[in-house]
Each structure stands twice: as structure tokens, then as C-alpha cells.
Amino acid sequence: MQGRQLTDILVALRDGRRRALHRLLRNRTAPIPIEEAAVHLAARGETRLVDVTEAEMRSLRVSLGTAHVPVLVAAGLVDRDREDGTLAASDHPALQHPNLERILETETVDWDPILDALASDRRRTALSVLADAESALSRVALARAVADREADGEPTPDAVDDCRIELHHVHLPKLAAAGLITSDRRGDAVSYRGHPALEDGPWFDFGAAESRGFHPVANPSQDIRRIDGRENVIERCRALCAHADEELFLMYTDEDLIEEACLQYLQDAVDRGVEVYVGTRTQAIRDRVREHVPAVTLWEPQRNWMNMPPERETVGRLVFADREAIMLGTLSERNERGIQDETAITGVGENNALVMLIRELLGSRLDHLDEQSEDFLEQIPF
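Set out below in C-alpha cells:
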């Protein structure tokens, strides 16, 4: 799991009401209306369902719809059907991690300050450094180690000093308040403490576990990497959408590939000022994207670019972010249960071989997708 994705998840779960909502949805076998969720959440603790007033339910429903549900949807943890007003827990692979499961299922611990402390790449890096250390570290040594892990190469003295100042004033106080670290009497040396409610080990590193068949989506040592499994492909797709700064170019074949959370990621990209283009020959996909993300530019490839020879797998999706990060996914034949598996390849970097190949194939055509002419669209080389 990438740092940005993990931070989004922890930010979404650091509020007790959002955890309660997610726990409620996970225990349901079907989507429920937001009104029903509001009633159950209002009746938490010693309050009975029959004692929940209409005013309390209305207030909570507004709070859920404006402050809590959008955060959970953006993090990919909840699916929201705006047409019928229902909510359902998504099958996010991060939730397979045993520590996140424990956090969601344990109500007797005040997780708010702990998850708030963990909702930062730098704080998680600092915890990792302290957990690996054999003894307490000085603040200078900790800053140097954190800056070293964050930098591509040797960190500059200014980077180390900036890290030390930020750790001292922002991050270490938050980790200490959450009970995750301790300091000596003078406050110069810092050590990892952990949390008694969880098992020993680096539980803050939620990306470390490979629980129930969930595998890392990429090996950073490879230039072009293979991704196996629908959940991992979706995770990579969302990451590319979340990190796009200027442009997103996407192609889809199957309506099932466009989930509620995926549409939210596209809307988030639009809200950041990213130019988003979605190409598909499937009318249902165009209708769904047009309804939920109207600012997206839609176009229809005139060739059936997705079809490979019958004995080969079928291309299912292509995601091209800022013309320097690519993912190309293929769908297998349906098994006896009618389920298709998905495999993808991905590459990142302006000089990455896969990125260069796709950029060369598409060329300047990407600059004119809004023209929508048949002659132009027939030139898309897929």
C-alpha cells in the first residue's frame, strides 16, 4: 500500500463515528439507506432505538452525508449509491490487514488519537525508525534517519534540519500524546513504546502484512511491474488517479470496472484541476461517468481496440497519468462461476520503457481528444 493511500485510510478511520459507520456497514449483507445508518448510530451507547428523536436523526443524517460519508467514499472504504441513497462497505484490500481489522472491531480503545498520530507518512517513518533501533535515539539521530529514508539519495543538511524541527514541534508531540513513544527526562532521547491493545511488532506499518492472499501491487526494484488480482489492480488504478496533477487518460471496456469509489477518485481529480478523459465503447459506462462526473471529457474509440485474438486475454482498462505513469490491465475468460480475473502491467517515470511506448503510440493525439472526430478517433492505435 502506498503512503498516500494509507494516509487517506487512516484519516478516514481516525474519527470514532466513521469507524462506527463502517463497522455497521461491514456487518450488513446488503446496502442500507443513510437514514437507517443514522438511526443506528444515534442509538449508540445506552440510548435505545426507540428513544432517538426525529431531530437527532435528521442532524446526524446531515452530518453523515456532508462530513463523514464523503471521507469514507474518497478513501475507498464505502460505496455510495446516490440514486437510491444507500451505503455499503467496500471490499478494500487494506481492510484485510489484521491490525486494521482489530482497530475496526475493538470499541473499548480510544483509537482517535492513535489513528490521528499515524495519519502522516513522516510520523509512520519515525515510528519505523524507532522500532528498528536497539536503543533510544537522540532527536538529531532520529531526524537524520527519517530524512535518509525519505530522500532518494543522501539528504542535505538543510533537509535533516528541517526534519528535526518538524519532528520536534509537530510529529513527536503527537506520537507522545497517543502513547506511541517515550522520551527521557531531558527529552533529548526518544524510544518506541507501541500500544498495549495490539500485538508486538511494527503494527503501524500496515503495508507490511500480506494477509489472505493480498500481495503488494509492485516491486519497486522493477521498471515494469506485474500486478495480479482485481483488488490489486483497482488499488493501483486509484493510486494513479490520486497522484495525477495535470491529466488523466483512461479507457474501459466493462461496466464492472467502474466502481463508486473509482468515480469519486475521478471527481477528486477534476476538483484538483486535472483534465480527465474517459474513452469507452460501452454506453453504460459513458452514462454512468456522465451522471457522476459530468466534467469528464468522454469519447468513443471507433475501433474495438480492446479485443485481442480469441485465444488471448482481453484488455480491460488503461490508465495514463500525466503521461509518465501507466497501467494496462487485461481480463481473463470467465470461470465456471462467471468471474473474470484481472492482471496488469504498470510503469512509472518519463523514461520508463512502457511509458515511452504508450506515449509514442498515442503521440500528439492525446492533445486533441476533445475534438471527437471520427477520423481522429480511428487513429488511436489500439
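Following full-length UniProt numbering, the numbering of the sequence shown begins with 1 at its first residue and continues without gaps. Each residue gets a CB set at the ideal place from its N, CA and C atoms; glycine is no exception. All figures in this text were calculated on a predicted structure; none of them were measured in a lab.
Counting C-beta neighbours from all protein chains within 10 Å, is the total for residue i 16 or more, i.e. buried, or is it exposed?
i           : result
ASP184      : exposed
ARG14       : buried
residue 385 : Because the chain is modelled from 1 through 382, residue 385 falls outside the range shown and cannot be assessed.
HIS169      : exposed
GLN283      : exposed
GLY213      : Any reading at GLY213 needs caution, since the residue's pLDDT is 33, under 50, leaving its predicted position unreliable; the model's value is listed next. It counts as exposed.
PRO155      : buried
GLU235      : buried
MET308      : Residue confidence for MET308 is low, a pLDDT of 39 falling below 50, so the modelled location carries little weight and cannot support an answer.
THR106      : exposed
GLY347      : buried
GLN379      : Model confidence at GLN379 stands at a pLDDT of 44, short of 50, so the residue's coordinates are unreliable; what they give is reported in the following sentence. Burial call: exposed.
VAL62       : exposed
GLN222      : Any reading at GLN222 needs caution, since the residue's pLDDT is 42, under 50, leaving its predicted position unreliable; the model's value is listed next. Answer is exposed; the Cβ neighbour count stays below 16.
ARG58       : exposed
On the DSSP bridge list, what partners appear for residue i?
i      : result
ARG225 : THR346
VAL276 : LEU248
GLY85  : In the DSSP output, where bridge partners are listed per residue, GLY85 has none listed.
ARG317 : TYR252 and GLY329
Starting from the Cα of residue i, find the closest Cα among the options and give me that residue.
i      : options                           : result
ARG122 : LEU100, ILE165 and SER90          : ILE165
GLU333 : PHE320, GLY347, MET57 and GLY316  : GLY316
GLU255 : THR280, ARG272, GLY16 and PRO173  : THR280
GLU259 : GLY76, ASP51 and LEU6             : GLY76
ALA295 : ALA178, ARG82, VAL276 and ARG61   : VAL276
THR125 : LEU104, ARG139, GLU150 and ALA136 : GLU150
ASP161 : ALA176, ASP152 and ARG144         : ARG144
ASP8   : GLU105, ASP91, LEU24 and LEU115   : LEU115
ARG230 : GLY85, ALA244 and LEU257          : LEU257
GLU54  : GLU36, LEU328 and GLY65           : GLU36
ASN99  : GLY194, THR253 and ASN27          : GLY194
GLN129 : ASN27, SER120 and ALA141          : Looking at the sequence itself, residue 129 is Val, so the reference to Gln does not match. Answer by Cα proximity: ALA141.
ASP271 : CYS241, GLU105 and SER90          : CYS241
CYS262 : ASP245, ARG288, GLU247 and GLU246 : ARG288
ARG19  : VAL73, VAL62 and SER59            : VAL73
PRO93  : ARG238, ALA325, PHE249 and PHE320 : ARG238
LEU180 : LEU118, MET327 and ILE326         : LEU118
ARG17  : ASP84, GLN5, ASP110 and ASP51     : ASP110
ASP322 : ASP245, ILE285, ASP84 and THR86   : ASP245
HIS22  : VAL52, ARG58 and ASP91            : ASP91
ASP148 : ALA159, SER138 and VAL355         : ALA159
LEU250 : ALA89, ALA178, LEU318 and ALA353  : LEU318
LEU167 : ILE34, LEU127 and VAL71           : LEU127
ALA38  : ALA89, ASP112, GLU56 and GLY153   : GLU56
LEU331 : ALA131, VAL278, THR343 and LEU137 : THR343
MET356 : ALA325, GLN340 and GLY329         : ALA325
Along the chain, where does the alpha helix (DSSP H) containing residue i start, and where does it finish?
i      : result
SER191 : Taken as a continuous stretch (DSSP letters only), SER191 belongs to no alpha helix (DSSP H), being part of the beta strand (DSSP E) at 189-192.
ILE234 : 230-243
GLN96  : Run containing GLN96: none; DSSP gives neither H nor E here.
HIS292 : 283-292
PRO271 : Just to set this straight, residue 271 is Asp in the shown sequence, not Pro. Counting along the chain, the alpha helix (DSSP H) containing ASP271 begins and ends at 260-271.
At which residues does the beta strand (DSSP E) containing residue i begin and terminate?
i      : result
LEU298 : 297-299
ask   = Which runs of the alpha helix (DSSP H) spanning at least 4 residues fall entirely within the UniProt domain "DUF7344" (116-190), listed in chain order?
value = DSSP runs (the alpha helix (DSSP H)) wholly in the UniProt domain "DUF7344" (116-190): 121-132, 139-150, 157-166 and 172-177.
ask   = Which whole runs of the alpha helix (DSSP H) in the UniProt domain "DUF7344" (12-87) are 4 residues long or more, in chain order?
value = Here the runs fully enclosed are 16-26, 34-42, 54-63 and 69-74.
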